[in-house]
Amino acid sequence: MNDDASTQIPIEEVFSSKGRIKILKELAFSRELNISELCRRVSLNHTTTKKHLDVLMESGLVEEKVFGRIKIYRYRIENLRARSLKNMLDLWRSV
455 MNDDASTQIP IEEVFSSKGR IKILKELAFS RELNISELCR RVSLNHTTTK KHLDVLMESG
515 LVEEKVFGRI KIYRYRIENL RARSLKNMLD LWRSV
């Protein structure tokens with residue numbers, strides 16, 4: 455059931471911030487974004503967005519891919535928890 459050892463963050467911490475939830479939703483539907491585009495879409499500054507991304511990466515829901523100086527953040531749909539959350543977001547959006 456545990457997709458990786460990094461998913462030990464309590465659910466309360468993952469969902470404790472509106473900003474973090476906005477980031478999760480945006481990545482779940484966009485799949486991959488750089489931090490500048492993500493900041494623009496969720497209306498948060500770079501520092502705040504990066505702090506939220508660090509928590510989401512630690513939870514296993516998001517991963518960072520590095521291409522030279524460029525970092526891309528990707529929603530980890532292969533992670534069972536991420537896939538379940540995406541299904542819930544799809545359902546929420548459709549009702």
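In the working numbering, each residue carries its 1-based index in the sequence shown increased by 454.
Cβ atoms here follow ideal geometry from the backbone N, Cα and C, with glycine treated the same way.
Secondary structure of I463 (DSSP, three-state): coil. Proximity of the segment 490–499 to the segment 464–482 meets the contact definition, three or more beta-carbon pairs being nearer than 8 angstroms. Note on K540: 16 or more other CB atoms within 10 angstroms of its CB, so buried under the neighbour-count rule. The continuous alpha helix (DSSP H) containing L539 extends over residues L534 to S548. Excluding its 5 nearest sequence neighbours in each direction, H500 has C-beta neighbours in its own chain below 7 angstroms: I489 and C493, listed in chain order.
From the listed residues R535, E518 and L534, the smallest Cα separation to R528 is found for E518.
A straight line joining the alpha-carbon of D544 with that of S538 spans about 10 angstroms.
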